[in-house]
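Reading through the structure tokens given below for one structure.
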Amino acid sequence: MSTTFDKCLQNIVMQMKVTPKEHKDFLYDSAYIAGWINTALKQRRSMLAGSFSNLPATATYISGSKIDVPANFNCYLLLDLRFPFYTEIKNDDCIYLHSVFKEQVVGDSLISAVYLQTHLRNDLSNLLRPQPKITCKGGSGRSYQLCYHTSLYPVSSHTIIATQLKAKCSTSIVFDFLVAIKLPIEKFPKPASVAMPDSMIDSELSYWIALPVPHFDVNYNGHSYMGRSHVWQKATPGQRQRWCLVVRMFYMMSSSNGTLNTIGIHSLKHTCVNLCEKFGIEKADRPIGLKLMDMMITHGARKLREVSIASRTGQIVNLETHPALATDCSKMDALLSKMKAKMTSKEACDMESLSEMFGLSKKK
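Here is the structure:
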């Protein structure tokens, strides 16, 4: 990669910098809002009350054309279930979750994915349907109005939007996540069906996760769970910070080129996590320019091919794609070609044209 191209990317980074105060206020407010939601669920005696400890990690701060994510960002809400349970791996390689209640004569009860997801959806919907307003006391003092969105397909998609009131520009904190259950390896050995990257071994992970449903409602069985390794837990603070930067840069690129409708913030973060789960931390921790191109490849023509193959083979059911998906994938491929040309060019990188790719103008 040419030094000139590196310097141009660094200039882009400096132009999209979030101030320390903005970052601090974002972290405080997201933790405050998450605490308010958890307390409200406890008051409503929700089965899932107290299970939202990592909700702040799923937050994204959006203010105008800038976004920010916490260093420990995640796309999974890792439920800390407050009741005892055990897992069972059956011959179909599915993960079954059993709750254990001593007072029951039967001894245990199978909790289906449908029940868990429906419970969460109903609890959050009932709590946030009135769009309550809250003020973050003791910190920033900002006020927010909350609302909740969920999608039927995939049924695991949840979004809580906290819109800042009386802000100078459109500002919000968005919690977007898939539900997962964190299973310590010492208690729940990782099943063979949960693949690990070649660069890692099982003993390096302290936990793996069980997802109640796959992303696209893939051959959905209401009682089954899909297991995944969670290599992201091994990322160092420095690696996470660099991935945060890639998420922010890709957001600006998608926003300025009109592809956010079919990519979305959650997909941007999830692409980073997926790269780590697939290749391992070290292999996925490439220079920023290369990681940007990895993201662009993921959301280009490859996405269309993968969705098409999965649809033809019956892996995807009830999937409704955005009408602009094909166009947006083509746009991303065109941007990828431009990025590659700038990276490999022996001539000096044109800062102004690179800035335009990110929706930024050249500073005078």
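UniProt numbering puts the sequence shown at residues 1 to 364.
For each residue, glycine too, the CB sits at the ideal point set by N, CA and C.
Residue j beta carbon less than 7 Å from that of residue i
i                : j                : result
phenylalanine 26 : asparagine 38    : no
histidine 299    : methionine 332   : yes
serine 256       : glycine 359      : yes
lysine 182       : tyrosine 207     : yes
tryptophan 232   : valine 273       : yes
threonine 163    : aspartate 176    : no
leucine 9        : glycine 258      : no
glutamine 239    : aspartate 285    : yes
alanine 49       : leucine 41       : yes
arginine 129     : cysteine 136     : no
tryptophan 36    : isoleucine 134   : yes
threonine 58     : asparagine 72    : no
lysine 234       : isoleucine 265   : no
valine 247       : lysine 269       : yes
leucine 336      : methionine 296   : yes
cysteine 349     : phenylalanine 83 : no
alanine 167      : leucine 78       : no
threonine 150    : serine 63        : no
lysine 178       : tyrosine 76      : One point to set straight first is that residue 178 is leucine, not lysine, in the sequence displayed. Yes, the pair counts as a contact, with Cβ atoms nearer than the cut-off.
cysteine 329     : alanine 310      : no
Boundaries of the beta strand (DSSP E) in which residue i is found, first to last residue
i           : result
glycine 227 : 226–229
residue 412 : Absent from the structure is residue 412, since the part of the chain shown begins at 1 and ends at 364.
lysine 17   : Taken as a continuous stretch (DSSP letters only), lysine 17 belongs to no beta strand (DSSP E), as it is neither H nor E.
cysteine 66 : In the sequence under discussion, the amino acid at residue 66 is lysine, which differs from the cysteine named in the question. Unbroken beta strand (DSSP E) run through lysine 66: 66–68.
Residue i burial status per 10 Å Cβ neighbour count (16 or more: buried)
i                 : result
aspartate 68      : buried
histidine 322     : exposed
arginine 312      : exposed
serine 345        : exposed
phenylalanine 250 : buried
tyrosine 86       : exposed
arginine 228      : buried
serine 308        : exposed
alanine 334       : exposed
cysteine 169      : exposed
threonine 236     : exposed
lysine 342        : buried
alanine 34        : buried
Span of the alpha helix (DSSP H), counted from its first residue to its last, around residue i
i          : result
lysine 331 : 325–344
serine 63  : Premise fails: serine 63 lies in the beta strand (DSSP E), 59–63, not in any alpha helix (DSSP H).
lysine 303 : 301–312
leucine 77 : Note, leucine 77: premise wrong, no alpha helix (DSSP H); beta strand (DSSP E) at 76–79.
serine 355 : 351–357
Integer-rounded CB distance, given that residue j should sit under 8 Å from residue i
i              : j              : result
methionine 357 : lysine 338     : 7 Å
methionine 47  : histidine 119  : 6 Å
alanine 324    : asparagine 261 : 6 Å
leucine 211    : methionine 200 : Not confirmed; about 19 Å, so no contact.
leucine 354    : isoleucine 12  : 7 Å
histidine 230  : isoleucine 209 : 5 Å
Cβ of residue i within 7 Å of any chain C Cβ
i             : result
threonine 236 : Absent here is chain C; the protein component of the structure consists of one chain.
The ligand COA heavy atom lying under 6 Å from the CB of residue i
i          : result
glycine 35 : Among the ligands in the structure shown, none appear at all, so the ligand COA cannot be discussed.
Original post:
Considering only residues of the segment 113–201, which uninterrupted alpha helix (DSSP H) runs meet the minimum length of 4 residues and lie entirely inside it, listed in chain order?
Top reply: The segment 113–201 contains these whole alpha helix (DSSP H) runs: 113–128.
**OP:** Let me know the beta strand (DSSP E) ranges lying completely inside the segment 26–54, each 3 residues or longer, listed in chain order.
**Re:** Taken in chain order, the segment 26–54 contains no complete beta strand (DSSP E) segment of 3 residues or longer.
Original post:
Where in the segment 251–298 do unbroken runs of the beta strand (DSSP E), each at least 3 residues long, occur, reported from the N-terminal end onward?
Top reply: Counting only runs that start and end inside the segment 251–298, there is no beta strand (DSSP E) element of at least 3 residues.
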